[in-house]
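Chains as they are written, first to last, in numbering that gives the first Met the number 0: chain A, 0 to 342; chain B, 0 to 342.
In what follows, a structure is listed as structure tokens, so that the remarks can point back to it.
Protein chains: 2
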Amino acid sequence: MAIRNERVTMQDVARDANVSIATVSRVINKNYNVNEKTRDRVLKSMEKLSFLPNSIARSLKINSTSTIGFVVSDISNTYHISIARAVEDVIEKHNLNMTVCSTGNDKERELTYLKLLMSQNIAGLILNTTGKNNDFILEMNKYIPIILLNRRIDSPGFVGDLVGTDNLDSSYKLTEQLLKMGHRRILVVHGSLELSNGLERYNGYVQAMKDYGIDVGEDYPYQFNSGFTLEGGYQAVEYMRRLPQKPTAVFTQNNMSTIGVLRACKEYNINAPEDISMVAYDTIDNLNLMTTRPTVASYNTHSMGYNAGMAILERIKDPRIPNREFIEQSEIITGNAVGILMK
Amino acid sequence: MAIRNERVTMQDVARDANVSIATVSRVINKNYNVNEKTRDRVLKSMEKLSFLPNSIARSLKINSTSTIGFVVSDISNTYHISIARAVEDVIEKHNLNMTVCSTGNDKERELTYLKLLMSQNIAGLILNTTGKNNDFILEMNKYIPIILLNRRIDSPGFVGDLVGTDNLDSSYKLTEQLLKMGHRRILVVHGSLELSNGLERYNGYVQAMKDYGIDVGEDYPYQFNSGFTLEGGYQAVEYMRRLPQKPTAVFTQNNMSTIGVLRACKEYNINAPEDISMVAYDTIDNLNLMTTRPTVASYNTHSMGYNAGMAILERIKDPRIPNREFIEQSEIITGNAVGILMK
DNA sequence: AAAATAATTGTAAACGTTTTCTTTTTTTAA
DNA sequence: TTAAAAAAAGAAAACGTTTACAATTATTTT
């Protein structure tokens with residue numbers, strides 16, 4: 000039992016079929032002319048010895064691999080994983096597979112992973128970046144095609160595509176819905192404003208508020224940075240409870256913070272829409288089975304993953320495609336957690 | 000812009016530092032004696048040229064890689080992904096990363112993936128098998144350490160560990176809870192009985208029923224094979240509605256079919272516990288935010304992932320550890336969807 | 001039937017590392 | 001001061017493929 004080392008190589012097949020390894024290579028890679036009889040003989044030997052080509056050796060020679068990297072803040076976030084799943088379905092058809100990595104939005108961890116992947120010479124990269132390793136990413140980008148997920152890299156040097164959502168628009172729409180229903184004190188639970196998606200969503204809120212005559216300045220009390228985390232959402236509710244004048248609505252700007260808010264509200268017995276109204280960017284799993292359903296901007300993650308998968312395939316084939324953007328439009332799904340505010 | 004090929008190699012570093020590539024290799028791999036001054040010089044050259052070692056070449060030489068394979072029926076299943084996440088945390092500390100694959104319980108797709116991974120010479124494999132490729136898995140097992148996830152391979156030839164749950168026990172307990180509350184017509188929504196976990200869970204149910212004097216034979220009407228899928232769960236409800244004598248309770252034996260049942264019940268306006276009681280194997284995400292909460296057998300997926308990660312690391316280091324089993328015990332969480340049946 | 005061409009196969013170098021075996025240099029022991 | 005031992009560094013082979021080039025064999029043309 001246990002581990003052996005002597006795998007079957009092309010050498011063995013060649014010997015068995017009484018040809019040179021070049022010929023074996025040619026039947027493996029189909030494309031060359033090789034006599035039908037010898038091909039059959041080689042095929043038979045491969046079968047007989049249950050030969051599997053060594054991708055490592057092949058990769059070294061041809062300078063490319065058959066795996067793509069999928070690097071996101073948290074792979075267990077249902078939003079990311081369902082995109083990943085769709086990517087997988089696309090690339091699997093081309094005999095590629097996928098290495099997934101969770102950075103936890105940590106600069107060092109992202110860098111470690113990116114270096115590892117670059118060492119491994121991945122064929123392509125789908126990246127939801129922390130935004131803190133742009134120099135390395137640009138360097139990496141010289142060798143490896145990159146598709147950005149949700150977060151932009153604003154550098155003229157970057158060449159690749161972006162797959163994202165209509166941050167500003169949907170954020171505006173969600174805020175507007177609350178405003179139309181009479182809400183004015185709307186707590187926005189945003190993410191890092193140093194990330195393009197965080198900032199755009201925040202700006203959508205600010206713009207809508209401004210359009211309704213409300214100025215969101217530095218010391219405006221109805222904003223809380225959750226870092227797009229579950230804990231952050233939870234803390235937002237605790238922050239809210241301490242406010243002298245409570246907000247009448249809360250707008251969580253990503254799925255994790257929405258869950259955090261929902262849990263905290265459940266715990267503190269804050270009911271929606273009686274005590275507070277809720278809207279949220281991103282949907283959450285099994286929303287329609289839940290007691291409290293915020294109005295959400297829902298995205299077709301399957302489509303996003305499909306786009307990302309196709310884009311990376313195209314870019315692997317031809318790395319000099321001009322930069323593109325695939326922006327997914329939201330579907331606003333009305334929940335039961337939004338109420339009209341009587342002034 | 001675009002893609003270049005001329006990466007920095009050890010050759011370049013050696014030239015810059017005015018040493019041989021052997022020396023460069025030695026400073027990279029620390030372990031050898033190399034003069035401090037020359038080490039510094041080499042280190043400086045590496046820095047200056049921003050050298051990254053080529054893992055492919057290294058792997059070819061040392062005959063092992065730094066990625067482990069994670070092959071499951073569906074990576075987007077929250078149960079699997081949260082195990083994967085915990086595995087990632089363990090192996091990342093050892094500078095390993097993880098290739099994930101979804102087989103969809105399809106024999107061919109599993110085989111394709113396994114061959115691809117074997118070609119890529121992965122360091123280890125964590126596998127939730129379809130159960131239909133045992134021959135190849137045993138062959139693969141000669142070269143690559145394997146940790147089985149939830150599904151056994153009953154072959155004396157297999158060497159590796161199992162990380163799983165206490166299928167029979169928890170299934171028995173859940174069934175018993177219903178029986179104690181007076182339920183007798185309990186629809187079991189099981190999975191494939193050809194898979195060890197499917198069979199064990201089913202047997203737990205059968206045993207409990209038998210202990211309460213109910214014989215579950217071939218033509219016993221209160222059983223439905225969902226294949227552990229969402230659609231299967233949904234169909235189970237449709238099947239249930241067609242039964243002349245309705246069951247008073249339903250026991251879904253995995254998380255996907257539970258969600259399917261919940262959705263179908265919502266759609267057909269079947270309420271719990273008034274119309275039907277519900278217990279379920281596996282928990283589901285955000286259960287405590289949901290309207291209808293079955294009593295569930297919940298598992299600590301973090302612990303399972305940790306065990307799987309540690310086990311694979313240990314087996315990579317020493318492949319001839321005797322077979323082990325890491326069986327996770329459930330926590331039964333009582334929901335609001337179970338009612339006492341008045342006879 | 002010979003020459004020209006096309007099809008098939010083989011030889012050997014290369015990909016970028018690691019590592020064994022030598023060789024050179026430095027240090028220690030006498 | 002020299003011999004012996006230890007430390008440091010280099011040369012070259014090897015890992016298992018691909019592929020340019022050369023060599024051989026088969027086919028076509030005249």
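Heads up, the beta-carbon is just placed ideally off N, CA and C, and yes, glycines get one too.
The structure presented is a predicted model; accordingly, all values stated were derived computationally and were not measured.
Give the secondary structure of B/Leu147 by DSSP, where H, G and I count as helix, E and B as strand, and everything else as coil. Counting from 1 along the second sequence, the entry for residue 147 of chain B is found at position 148. Three-state DSSP puts B/Leu147 in a strand.
Taking CB distances under 7 Å as the criterion, tell me whether A/Thr290 reaches chain B. Translated into positions along the first sequence, residue 290 of chain A becomes position 291. Answer yes: the Cβ-Cβ gap between A/Thr290 and chain B drops below 7 Å somewhere.
For B/Thr228 and B/Ser256, believed in contact at Cβ under 8 Å, the rounded distance: Within the second sequence, the letter at position 257 stands for residue 256 of chain B. Within the second sequence, the letter at position 229 stands for residue 228 of chain B. Going by Cβ atoms, the distance from B/Ser256 to B/Thr228 rounds to 7 Å, so yes, they are a contact pair.
Let me make sure I understand the geometry here. Which of B/Val99, B/Asn96, B/Thr128 has the alpha-carbon closest to that of B/Leu110? Your numbering for residue 110 of chain B matches position 111 in the second sequence. Taking only the C-alpha atoms, the option nearest B/Leu110 is B/Thr128.
On a CA-only basis, which of B/Ile269, B/Leu137, B/Ile145 is nearest B/Gly159? Give me that one, please. Here residue 159 of chain B refers to the residue found at position 160 of the second sequence. Per the Cα distances, B/Ile145.
Terminal residues of the beta strand (DSSP E) in which A/Gly163 lies: For this step, residue 163 of chain A is matched to residue 164 along the first sequence. From DSSP, the beta strand (DSSP E) with A/Gly163 extends over 159-164.
Label B/Ser49 either buried or exposed according to how many other C-beta atoms from any shown protein chain fall within 10 Å of its C-beta, with 16 as the threshold for buried. Mapped onto the second sequence, residue 49 of chain B falls at position 50. Classification for B/Ser49: exposed.
Is there a C-beta anywhere in chain A that falls below 7 Å from the one on B/Leu229? Counted from its first residue, the second sequence places residue 229 of chain B at position 230. Answer no: the Cβ-Cβ gap between B/Leu229 and chain A never drops below 7 Å.
Helix, strand or coil for A/Glu109? Go by DSSP, reduced to three states. Taking the first residue of the first sequence as position 1, residue 109 of chain A is located at position 110. Helix at A/Glu109.
Check whether the Cβ atoms of A/Gly338 and A/Pro293 lie closer than 7 Å to each other. Residue numbering aside, residue 338 of chain A sits at position 339 when the first sequence is read from its first letter. Residue numbering aside, residue 293 of chain A sits at position 294 when the first sequence is read from its first letter. By the CB criterion at 7 Å, A/Gly338 and A/Pro293 fall outside the cutoff.
If you count every other CB in all the chains shown that lies within 10 Å of the CB of B/Gln176, and 16 or more means buried, which is it? The residue you call residue 176 of chain B lines up with position 177 of the second sequence. So B/Gln176 ends up on the buried side.
Whose CA, out of B/Ala16, B/Asn196, B/Thr164, lies closest to the CA of B/Ile152? Here the question's residue 152 of chain B lines up with position 153 in the second sequence. Of the candidates B/Ala16, B/Asn196, B/Thr164, the one whose C-alpha sits nearest the C-alpha of B/Ile152 is B/Asn196.
Taking beta-carbon pairs under 8 Å, can you tell me which members of the region 43-74 of chain B lie near chain A? Ser49, Leu51, Pro52, Asn53, Ser54, Ile55, Ala56, Ser58, Leu59, Asn62, Thr64, Ser65, Thr66, Asp73, Ile74
So B/Val99 contacts chain A; which residues on that side make the cut at Cβ distance below 9 Å? On the second sequence, position 100 is the one that residue 99 of chain B refers to. Within 9 Å Cβ-Cβ: Phe69, Ile74, Ala83, Glu87, Asn96, Met97, Thr98, Val99.
Applying the criterion that 16 or more other CB atoms from any shown protein chain within 10 Å of the CB defines a buried residue, is B/Thr77 buried or exposed? For the purposes of this step, residue 77 of chain B is identified with residue 78 of the second sequence, where counting begins at 1. It is buried - the Cβ of B/Thr77 has at least 16 other Cβ atoms within 10 Å.
Check whether B/Pro246 and B/Arg184 have beta carbons under 7 Å apart: As a working mapping, residue 246 of chain B is identified with position 247 in the second sequence. As a working mapping, residue 184 of chain B is identified with position 185 in the second sequence. In contact: B/Pro246 and B/Arg184 (Cβ atoms closer than 7 Å).
Within 10 Å of its beta-carbon, does B/Thr333 have 16 or more other beta-carbons around it, so buried, or fewer, so exposed? Stepping through the second sequence from its first residue, residue 333 of chain B is reached at position 334. It counts as exposed.
Any chance you could list the beta strand (DSSP E) runs of at least 3 consecutive residues sitting entirely within the region 250-289 of chain B, in chain order? 276-280
Residue from B/Gly181, B/Ala21, B/Pro321, B/Asn287 whose Cα sits closest to the Cα of A/Ile258: By 1-based counting over the first sequence, the position of residue 258 of chain A is 259. When only C-alpha atoms are compared, the closest one is B/Asn287.
To the nearest angstrom, how far is it from the Cα of B/Val86 to the Cα of B/His189? The count along the second sequence starts at 1 and reaches residue 86 of chain B at position 87. The count along the second sequence starts at 1 and reaches residue 189 of chain B at position 190. Their backbone Cα atoms lie some 28 Å apart in a straight line.
A/Asp284 CB to nearest chain B CB: under 7 Å? For this step, residue 284 of chain A is matched to residue 285 along the first sequence. Yes - at least one Cβ of chain B is within 7 Å of the one on A/Asp284.
Nearest-angstrom Cα separation, counted from B/Val7 out to B/Met261: Taking the first residue of the second sequence as position 1, residue 261 of chain B is located at position 262. Taking the first residue of the second sequence as position 1, residue 7 of chain B is located at position 8. According to the sequence shown, residue 261 of chain B is Leu rather than Met. If I take the Cα positions, the gap works out to 56 Å.
Check each residue of the region 250-276 of chain B: if its Cβ is closer than 9 Å to any Cβ of chain A, include it; give the result in chain order. Per Cβ criterion, the list reads Ile258, Leu261, Arg262, Lys265.
Which residues of chain B have a Cβ atom closer than 7 Å to the Cβ of A/Ser225, listed in chain order? Residue mapping note: residue 225 of chain A aligns to position 226 of the first sequence, counting from 1. What A/Ser225 touches in chain B: nothing, since even the nearest Cβ is about 17 Å away.
Since A/Glu138 meets chain B, which of its residues come closer than 9 Å, beta carbon to beta carbon? Numbered from its first residue, the first sequence carries residue 138 of chain A at position 139. Within chain B, the residues near A/Glu138 are Ser49.
Can you find a CB in chain A that lies within less than 7 Å of the CB of B/Thr120? For this step, residue 120 of chain B is matched to residue 121 along the second sequence. Note that residue 120 of chain B is Asn in the sequence shown, not Thr. At a cut-off of 7 Å between beta carbons, B/Asn120 contacts chain A.
Apart from the five residues on each side of it in sequence, which residues of its chain come closer than 6 Å, Cβ to Cβ, to A/Ser58? The count along the first sequence starts at 1 and reaches residue 58 of chain A at position 59. Excluding residues within five positions, the ones whose Cβ falls inside 6 Å are Thr64.
Exposure of A/Arg241, with buried meaning 16 or more beta-carbon neighbours within 10 Å: Within the first sequence, the letter at position 242 stands for residue 241 of chain A. A/Arg241 is exposed by the Cβ-count criterion.
Can you list the residues of chain B that A/Leu126 reaches, using a CB-CB cut of under 8 Å? By 1-based counting over the first sequence, the position of residue 126 of chain A is 127. Simply none; closest approach about 14 Å.
A/Gly123 (DSSP reduced to helix, strand or coil): Counted from its first residue, the first sequence places residue 123 of chain A at position 124. Here A/Gly123 sits in strand by DSSP.
Grouping DSSP H, G and I as helix and E and B as strand, with all else coil, what is A/Ile213? What you label residue 213 of chain A is simply residue 214 of the first sequence in a count that begins at 1. Here A/Ile213 sits in coil by DSSP.
Counting only beta-carbon atoms, is A/Met303 nearer than 7 Å to chain B? Indexing the first sequence from 1 puts residue 303 of chain A at position 304. No - not a single Cβ of chain B is within 7 Å of the one on A/Met303.
So, does the region 163-174 of chain B touch the region 313-327 of chain B, judging by three or more C-beta pairs under 8 Å? yes
Start-end ranges of the alpha helix (DSSP H) lying completely within the region 178-211 of chain A, minimum 4 residues: 195-210
Are at least three pairs of beta-carbons, each pair with one atom in the region 89-100 of chain A and one in the region 95-114 of chain B, less than 8 Å apart? yes
Would you please verify whether the beta carbon of A/Leu148 is less than 7 Å from any beta carbon of chain B? Within the first sequence, the letter at position 149 stands for residue 148 of chain A. Closer than 7 Å: no.
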